[in-house]
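Per the numbering used here: the sequence shown = residues 19 to 336. Read the structure below first, then the notes.
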Amino acid sequence: MLSKDVLMGSGSGFGKVILFNEHFVVHGVPGIVSAIDSVAHAEVKEAGEGLSIKDERKGAIGYTEKKLIQQKESIDRMFKAMGINSEKTSLEIRLGGNLPSFSGIGASAASSVAIARALAEEFKMDLPDERINEIAYEAEKAYAGTPSGIDNTAATYGGLIWFKKTMTGGPNIIEKLCLKEPVEIIIGNTGIVADTKEMVAGVAARKQKTPEKYNLLVKHAEELVFKARTALRAFDLRKVGKLMNENHRLLQEIEVSCRELDHMVSLARERGALGAKLTGGGGGGCMVALTPRKDLQEKVAAAFEEEGFKVLRTKIGV
Ligand code: MEV
Numbered sequence: 019m020l021s022k023d024v025l026m027g028s029g030s031g032f033g034k035v036i037l038f039n040e041h042f043v044v045h046g047v048p049g050i051v052s053a054i055d056s057v058a059h060a061e062v063k064e065a066g067e068g069l070s071i072k073d074e075r076k077g078a079i080g081y082t083e084k085k086l087i088q089q090k091e092s093i094d095r096m097f098k099a100m101g102i103n104s105e106k107t108s109l110e111i112r113l114g115g116n117l118p119s120f121s122g123i124g125a126s127a128a129s130s131v132a133i134a135r136a137l138a139e140e141f142k143m144d145l146p147d148e149r150i151n152e153i154a155y156e157a158e159k160a161y162a163g164t165p166s167g168i169d170n171t172a173a174t175y176g177g178l179i180w181f182k183k184t185m186t187g188g189p190n191i192i193e194k195l196c197l198k199e200p201v202e203i204i205i206g207n208t209g210i211v212a213d214t215k216e217m218v219a220g221v222a223a224r225k226q227k228t229p230e231k232y233n234l235l236v237k238h239a240e241e242l243v244f245k246a247r248t249a250l251r252a253f254d255l256r257k258v259g260k261l262m263n264e265n266h267r268l269l270q271e272i273e274v275s276c277r278e279l280d281h282m283v284s285l286a287r288e289r290g291a292l293g294a295k296l297t298g299g300g301g302g303g304c305m306v307a308l309t310p311r312k313d314l315q316e317k318v319a320a321a322f323e324e325e326g327f328k329v330l331r332t333k334i335g336v
């Protein structure tokens with residue numbers, strides 16, 4: 019058998035679902051995110067000339083093509099952050115894993131974490147998770163413009179996380195939350211590939227234009243997420259679901275939902291989900307429904323699949 023360094027470097031990053039406060043986190047409001055049990059996997063080896071990327075992830079039609087420029091920029095940013103001279107490298111990066119490349123479930127952050135870990139192994143850098151997280155944050159700028167850091171944090175550490183971006187440049191607040199037991203959720207995909215960078219920039223522009231309206235919404239989002247943390251700790255799932263519904267309404271108000279997301283959210287609630295909301299950048303991408311117990315999860319998933327939507331059956335708090 020060949021020794022590992024001759025073969026390649028490899029690494030993984032978790033997919034994620036934001037349960038509370040996407041977009042608001044960019045503006046310093048705490049958010050709650052859970053990693054899911056699907057990962058992006060990367061392998062890096064010396065091959066050919068320059069850099070080639072083989073993206074073999076399965077996902078939404080057009081995702082790979084639409085994200086190609088941002089993906090290249092993200093890898094460039096990682097090379098810089100890691101001190102790798104891209105002009106002198108002959109590398110092949112292969113991306114795979116069981117995390118579908120849907121918008122909204124952290125496919126970009128998971129792949130950045132996976133690539134950073136694979137590069138670190140290939141170049142024999144012994145990097146702690148904190149450094150991997152920082153490198154992936156640099157990469158996220160290519161996909162999200164001014165990211166909060168919530169996606170790369172979930173992709174790096176996994177688990178259920180309370181996250182607050184520190185607006186003054188210091189370290190972000192990252193706390194692990196515990197759930198009494200894992201809870202079934204459904205992630206439904208609209209099939210629309212969304213551009214997180216555009217969505218984040220849109221919110222910032224509207225916030226600047228109508229600060230009074232947005233300041234009130236920000237305040238509401240802040241109050242809501244503290245209640246959500248208490249409800250999660252108490253394992254009061256009905257309350258968690260109700261707060262997810264309220265969070266969706268706030269996300270509608272900041273204009274990041276769309277007709278397809280609203281339809282899927284309503285359908286999930288009609289079929290008995292305790293709560294449902296869009297998840298991630300919005301404008302397409304995915305929604306999440308809280309569906310404790312397998313039978314409820316199956317019922318909601320079946321309703322989506324009957325309408326032709328792709329679904330991930332997974333759990334939070336694993
Ligand atoms: C995207 O998954 C989450 C956003 O809040 C952007 C970010 O926090 O970086 C929309």
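All C-beta atoms in this analysis are idealised placements derived from N, C-alpha and C, irrespective of residue type, glycine included.
Under the three-state DSSP convention, the category residue i falls into
i	result
ARG112	strand
VAL47	coil
VAL201	strand
LYS22	Here LYS22 scores only 42 on pLDDT, less than 50, and its place in the model is too uncertain to base an answer on.
Residues bridged to residue i (per DSSP)
i	result
ASP73	LEU113
ILE191	LYS182
GLU61	SER28 and ARG112
ALA53	LYS34
ILE210	ILE210 pairs with nothing; no bridge assigned.
GLY68	SER108
Buried versus exposed call for residue i [16 or more other C-beta atoms within 10 Å across all chains shown]
i	result
ASN103	exposed
SER30	buried
LEU86	exposed
THR332	buried
CYS196	exposed
GLY33	buried
SER70	exposed
ASN233	exposed
MET185	exposed
SER92	buried
SER108	exposed
ARG95	buried
GLY66	exposed
ALA136	buried
ALA321	buried
ASP144	exposed
ALA138	buried
THR309	buried
SER284	exposed
GLY188	exposed
Contact check, residue i vs residue j, beta carbons under 8 Å
i	j	result
LEU117	SER28	no
MET100	VAL62	no
MET2	THR208	The requested residue 2 does not occur in the structure, where the chain is confined to residues 19 to 336.
ARG329	ALA291	Inspection of the sequence shows that residue 329 is occupied by Val rather than by Arg. No, they are not a contact pair.
ALA302	SER121	Here residue 302 is Gly; the residue named in the question, Ala, does not match the sequence. Contact: yes.
LYS215	ALA162	yes
ASN151	ASN170	yes
ILE204	ALA60	no
TYR155	PRO165	yes
LEU269	LYS295	yes
ALA239	VAL47	yes
SER129	ALA212	no
VAL274	VAL44	no
ASP147	LEU113	no
ALA35	ILE123	The residue asked about is misnamed: residue 35 is Val in this sequence, not Ala. Their beta carbons are under 8 Å apart, which means VAL35 touches ILE123 by this criterion.
GLY293	GLY335	no
GLY49	ILE192	no
SER119	THR82	yes
>> Could you tell me which whole beta strand (DSSP E) segments of length 3 or greater appear in the region 250-333?
In response: 293-297 and 304-308
>> Quick check on the DSSP output: what are the complete beta strand (DSSP E) runs of length 3 or more inside the region 76-109, in order along the chain?
In response: none
> Along the chain, which unbroken stretches of the alpha helix (DSSP H) at least 4 residues long are found entirely within the region 106-174?
Replying inline: 125-140 and 147-162
> Which ranges does the alpha helix (DSSP H) cover as unbroken runs of at least 4 residues, wholly within the region 211-243, from first to last along the chain?
Replying inline: 214-227
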